[in-house]
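Visitor: My structure is below; once you've seen it, I'll send some questions.
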C-alpha cells in the first residue's frame with residue numbers, strides 16, 4: 001500500500017502546483033506527517049536528480065522531475081496482469097466493431113491462451129455493469145449502453161489513480177494515450193473554479209478531481225461520436241442550464257470538442273451535486289432531485 005500512497009501524494013502535489021504542508025498531505029492520505037517525510041524521500045529516489053518533490057519551510061511542492069517520477073511508477077507496473085487487463089478493456093471500449101483476439105495477443109506480446117484467460121477476467125469485471133462480452137470466431141466485442149461503458153471507464157480511471165488522486169498520466173492511460181492531459185486540464189481547472197465562483201458557488205478543490213475525470217471521459221467519447229442522449233426527462237432548471245453553458249464554453253475553448261445537450265446536462269448535474277456548495281441553499285438540491293439514479297452511479 002505504501003507505493004500507491006506515494007503516488008497519490010505526488011499526484012496531489014502536481015495538481016495543487018504550490019506548497020502544501022505535511023499535515024495537509026497526511027490528512028489527505030490518512031497517514032502521519034512522519035510517513036509523509038519518508039514518502040518524499042522514496043519518491044525523490046525514483047529519479048536521478050532527486051528533484052521530484054521540493055521541501056521547504058512551507059511544506060512540499062512538486063519539483064521539476066515530478067512527472068518523471070510518476071512515469072517511473074507507471075513503468076514499474078507496466079506488463080502486470082492489471083495493466084494488461086485495463087489495456088484490453090480500453091481496446092474493447094474504443095472499438096465498437098470488436099477486436100481480433102490473435103492480433104491483440106500479438107500486440108500485447110502474450111499468447112492467445114493468455115489473452116483468452118484475460119477475456120475471462122474481463123467477463124468477471126463486467127458483472128453487474130449492464131455490459132456483455134460477445135465472441136464471434138476470433139472477434140471479441142462489448143455490448144452495452146453508452147452510459148454503462150462510461151461508468152466502466154470511470155472505474156478503470158479510479159483504479160489507476162489509486163483511490164481517486166487525480167493523476168493526468170493515469171487518466172491518459174485509462175482513456176488511451178491520445179486523450180488530453182495536464183497541458184489541457186492544467187488551465188481548465190482554475191477556469192472552471194473561477195466561472196463557478198462568478199455564479200456564486202464555492203468549489204471543493206478535492207472533489208473537483210472526480211468531475212475533471214468525467215469531463216475528460218465525456219470529451220473523449222464525444223470526440224469519437226459516442227455522445228449521450230438527453231440524460232433526464234425532467235425540466236432543466238436555471239441552475240443546471242447556467243452551469244451547462246459554462247461547461248460548454250470551457251470545453252470548446254480548452255479541449256476543442258463540441259458537446260451535445262445530453263453530455264452537457266450530465267456534466268452540469270455532476271458539478272452541482274459533487275463539487276460545489278451554493279452561497280444560498282437549494283440549487284444543488286434541486287439538481288439532485290432531478291438526477292437520473294442511473295447516472296448518479298457513473
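Residue numbers (our numbering): 1 to 298. Glycine included, C-beta positions come from ideal geometry on N, C-alpha and C. Remember, predicted model here, so these are calculated numbers, not experimental data.
1) Suppose only complete runs of 4+ residues qualify. What are the alpha helix (DSSP H) ranges in the region 205 to 275, listed by chain order?
2) Enumerate in chain order the residues of its own chain whose CB-to-CB distance from residue 68 is below 6 Å, with the five nearest sequence positions on each side excluded.
3) Counting Cβ pairs, one atom from each stretch, are 3 or more of them under 8 Å apart for the region 11 to 31 and the region 44 to 64?
4) If you draw a straight line from the C-alpha of residue 125 to the C-alpha of residue 156, how long is it?
5) Three-state secondary structure (DSSP) at residue 133?
6) If I measure Cβ to Cβ from residue 84 and keep anything under 8 Å in the same chain, skipping five residues before and after, which residues do I get?
7) Taking the Cβ atom as the reference point for each residue, do residue 357 and residue 62 lie within a distance shorter than 9 Å?
8) By alpha-carbon positions, which one of 70, 49 and 64 ends up nearest to residue 9?
9) Between the region 250 to 268 and the region 200 to 219, do three or more beta carbon pairs fall short of 8 Å?
10) Please report the straight-line C-alpha distance between residue 96 and residue 123, rounded to a whole angstrom.
11) With DSSP as the reference, label residue 45 as helix, strand or coil.
12) With H, G and I counted as helix, E and B as strand and the rest as coil, what does DSSP make of residue 109?
13) At the level of alpha carbons, what is the spacing between residue 91 and residue 99?
14) Return the residue from the list 4, 3, 25 and 2 that minimises the CA-CA distance to residue 12.
15) What residue from 246, 93, 35 and 200 has the CA that sits closest to residue 151's CA?
16) From this set, 15, 196 and 6, which residue's C-alpha is nearest residue 186's C-alpha?
17) Counting C-beta neighbours from all protein chains within 10 Å, is the total for residue 39 16 or more, i.e. buried, or is it exposed?
18) Helix, strand or coil for residue 140, going by three-state DSSP, please let me know.
19) Out of 241, 29 and 80, point me to the one whose CA is closest to residue 261's CA.
20) Taking the Cβ atom as the reference point for each residue, do residue 209 and residue 259 lie within a distance shorter than 9 Å?
21) How long is the line joining the alpha carbons of residue 105 and residue 112, rounded to whole angstroms?
22) Within the same chain, show all residues whose beta-carbon is closer than 6 Å to that of residue 191, passing over the 5 residues directly before and after it, in chain order.
23) Using 9 Å as the threshold, is the C-beta distance between residue 197 and residue 275 below it?
24) If you measure between the beta carbons of residue 267 and residue 221, is that distance less than 9 Å?
25) Per DSSP, residue 202 forms a beta bridge with which residues?
26) Just how far apart, CA to CA, sit residue 7 and residue 65?
27) Measure the alpha-carbon distance for residue 143 versus residue 246 and round it to whole angstroms.
28) State buried or exposed for residue 263, treating a residue as buried only when at least 16 other CB atoms are found within 10 Å of its CB.
29) Taking C-beta to C-beta, are residue 116 and residue 226 nearer than 9 Å?
Guide: Let me spell this out:
1) Counting only runs of 4 or more, we get 208 to 223, 238 to 254 and 261 to 274.
2) For this step, residue 68 is matched to residue 68 along the chain shown. Result list for residue 68: 47, in chain order.
3) Because the criterion of three Cβ pairs below 8 Å is met, the region 11 to 31 and the region 44 to 64 touch.
4) Taking the chain shown and counting its residues from 1, one reaches residue 125 at position 125. Taking the chain shown and counting its residues from 1, one reaches residue 156 at position 156. Rounded to the nearest whole angstrom, the C-alpha separation of residue 125 and residue 156 is 10 Å.
5) Residue 133 sits at position 133 when you count from the first residue of the chain shown. In this structure, residue 133 counts as strand in the three-state DSSP scheme.
6) Looking up residue 84 in the chain shown gives position 84. Beyond the five residues adjoining it in sequence on each side, residue 84 comes within less than 8 Å, by CB distance, of 108, 110 and 118 in the same chain, given in chain order.
7) In the structure displayed, the chain extends from 1 to 298; residue 357 sits before or after that span and is not available.
8) Position 9 of the chain shown, counted from the first residue, corresponds to residue 9. Answer by Cα proximity: 70.
9) For the pair of segments examined, the region 250 to 268 was found to touch the region 200 to 219: the number of CB pairs separated by less than 8 Å reaches three.
10) What you label residue 96 is simply residue 96 of the chain shown in a count that begins at 1. What you label residue 123 is simply residue 123 of the chain shown in a count that begins at 1. Each residue's Cα considered, the two are about 17 Å apart.
11) Numbered from its first residue, the chain shown carries residue 45 at position 45. Three-state DSSP puts residue 45 in coil, outside helix and strand.
12) In the chain shown, residue 109 corresponds to position 109, counting from 1. Collapsing the DSSP output to three states places residue 109 in coil.
13) In the chain shown, the residue the question calls residue 91 occupies position 91. In the chain shown, the residue the question calls residue 99 occupies position 99. Using only the alpha carbons, I get a separation of about 7 Å.
14) Counting from one through the chain shown, the residue named residue 12 turns up at place 12. Checked all of 4, 3, 25 and 2; the closest Cα to residue 12 is 25.
15) The residue given as residue 151 occupies position 151 in the chain shown. Answer by Cα proximity: 93.
16) Here residue 186 corresponds to residue number 186 of the chain shown, with the count starting at 1. Closest by alpha carbon: 15.
17) Counted from its first residue, the chain shown places residue 39 at position 39. Flag for residue 39 reads buried.
18) Walking along the chain shown from the start, residue 140 turns up at place 140. In the three-state reduction of the DSSP assignment, residue 140 falls in the strand class.
19) For the purposes of this step, residue 261 is taken as the residue at position 261 of the chain shown. Among 241, 29 and 80, the Cα nearest to that of residue 261 is on 241.
20) Position 209 of the chain shown, counted from the first residue, corresponds to residue 209. Position 259 of the chain shown, counted from the first residue, corresponds to residue 259. Not closer than 9 Å, so no.
21) Counting from 1 along the chain shown, the entry for residue 105 is found at position 105. Counting from 1 along the chain shown, the entry for residue 112 is found at position 112. Just so you know, the alpha carbons of residue 105 and residue 112 end up roughly 5 Å apart.
22) Numbered from its first residue, the chain shown carries residue 191 at position 191. Taken in chain order, the residues that qualify are 250.
23) The residue given as residue 197 occupies position 197 in the chain shown. The residue given as residue 275 occupies position 275 in the chain shown. Taking a C-beta distance under 9 Å as the contact criterion, residue 197 and residue 275 do not qualify as a contact pair.
24) Counted from its first residue, the chain shown places residue 267 at position 267. Counted from its first residue, the chain shown places residue 221 at position 221. Taking 9 Å as the Cβ cut-off, residue 267 and residue 221 do not qualify as a contacting pair.
25) For the purposes of this step, residue 202 is taken as the residue at position 202 of the chain shown. Beta-bridge partners of residue 202 (DSSP): 277.
26) What you label residue 7 is simply residue 7 of the chain shown in a count that begins at 1. What you label residue 65 is simply residue 65 of the chain shown in a count that begins at 1. Distance between the alpha carbons of residue 7 and residue 65: 14 Å.
27) Translated into the one-based positions of the chain shown, residue 143 becomes position 143. Translated into the one-based positions of the chain shown, residue 246 becomes position 246. So the two alpha carbons sit approximately 33 Å from each other.
28) As a working note, residue 263 is residue 263 in the chain shown. With 16 or more other Cβ atoms within 10 Å, it is buried.
29) Stepping through the chain shown from its first residue, residue 116 is reached at position 116. Stepping through the chain shown from its first residue, residue 226 is reached at position 226. No. Outside cutoff.
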